[in-house]
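One structure is given here, and the rest of the page talks about it.
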Amino acid sequence: MKHITRIKVRGYHLDLYSHVNNARYLEFLEEARWTFFEERGDLPWFLQSGLALVVVNININYRRAATMGEELAIETSVKTIGHRSAVMHQAVKLAGTETLVAEADVTFVVYDAKLDKAVPLEGQLKELLAAMQDQ
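Residue numbering for the sequence shown follows the working numbering, starting at 1 and increasing by one per position.
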């Protein structure tokens, strides 16, 4: 089952054209990923591990403008898990509908701060992500 994060569009999210500015979607997607890890993952273990998930690519397709007062439902799931990276898929929809506002694939690598480099995606972290994968 996909994880859902709801965000209400506020005035400060809008640009001069009265719709959500494209850059705001990066913030919405990040908020949803954090909530996903808080509610479905083991965030305390992850924060203690010394590892970080570093975004290396985001591909966003914008499908429909979102405007003030609308509620967005962001569906987040782990799409694929590789040896050195993984991809999360996120779909932004109007809450309560299947109307797609935007969708994104977010690719990340595992960064070890102690080693100051990307490391293989393995062990407990790989197991954690696999358990979060949309089946």
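Glycine residues also receive a C-beta, built at the ideal position from the N, C-alpha and C atoms. All of these numbers come straight from a predicted model, not from anything done at the bench.
Listed in chain order, the non-local C-beta contacts of Thr5 below 6 Å within the same chain comprise Ala32, Thr35 and Ile74, local neighbours out to five positions each way being set aside. Here the C-alpha atom of Ile81 lies approximately 7 Å from the C-alpha atom of Ala130.
Looking at His3, Asp105, Glu122 and Lys2, the one whose alpha-carbon comes closest to that of Val56 is Asp105. Lys117: not part of any alpha helix (DSSP H); member of the beta strand (DSSP E) spanning Lys117 to Val119, first to last residue. Residue state for Arg84 is assigned as coil, using DSSP reduced to three classes. Distance from the CA of Ile60 to the CA of Gln90, rounded to the nearest whole angstrom, comes to 9 Å. Between the C-alpha atoms of Thr97 and Val78 there is a straight-line separation of about 22 Å.
For secondary structure counted as the alpha helix (DSSP H) over 4 or more consecutive residues, the stretch 41-96 holds these complete runs in sequence order: 43-48. DSSP, read as helix, strand or coil, puts Lys8 in strand.
A distance of 7 Å or more separates the beta carbons of Met88 and Leu14. Straight across, the Cα-Cα distance linking Val109 with Leu47 is about 16 Å.
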